[in-house]
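K.L.:
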Amino acid sequence: MASSSSSKSALELIPAFLPDLCPGKPFYVTVKVTRMWQTNLPSGVDPISTGLLVVDGKGNVMRAVTFQLHSCL
């Protein structure tokens with residue numbers, strides 16, 4: 001059986017620091033999570049978001065937020 005070559009090339013990730021990040025670039029950053037918290041609504045049990053404070057190897061700091069999806073059922 002002949003091997004087929006893929007027309008897609010592998011995505012090469014580029015190491016970076018937090019200030020280097022920009023849309024469309026395949027950067028990766030190694031960070032330490034220094035703080036993490038969850039936000040709950042007064043009437044809810046499940047958190048609606050999780051916040052993170054991260055620091056890279058040069059001491060640059062960034063806040064990140066992830067939102068949870070909830071069904072309305």
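Residue numbers (full-length UniProt numbering): 1 to 73.
Idealized CB from N, CA, C, for every residue including glycine.
1) When you compare each of VAL65, ARG63 and VAL54 to THR30 by their alpha carbons, which one comes out closest?
2) Taking just the CA atoms, how far does GLY44 sit from VAL65?
3) Would you kindly work out how many angstroms separate the C-alpha atoms of GLY51 and VAL61, rounded to a whole number?
4) Using a Cβ-Cβ cutoff of less than 8 Å, which residues in the same chain neighbour ILE14 once the five nearest sequence positions on both sides are dropped?
5) Can you give me the Cβ contacts of MET36 inside the same chain, cut-off strictly under 8 Å, excluding the 5 residues immediately before and after it?
6) When DSSP labels each residue in this structure, what does PRO15 get in the three-state scheme?
7) Please work out which residues of its chain come closer than 8 Å, Cβ to Cβ, to GLY59, disregarding the five sequence neighbours upstream and downstream, and give them in chain order.
P.N.:
With the structure as the only source:
1) The candidate whose alpha carbon is nearest that of THR30 is VAL54.
2) Cα to Cα, the separation comes out at about 19 Å.
3) If I take the Cα positions, the gap works out to 13 Å.
4) Here the set comprises LYS25, PRO26, PHE27 and TYR28.
5) Counting only residues of its own chain and dropping the five nearest sequence neighbours on each side, MET36 has a CB closer than 8 Å to the CB of THR50, GLY51, LEU52 and LEU53.
6) Residue state, collapsed to three classes: strand.
7) Cβ neighbours of GLY59 beyond the five flanking positions: none.
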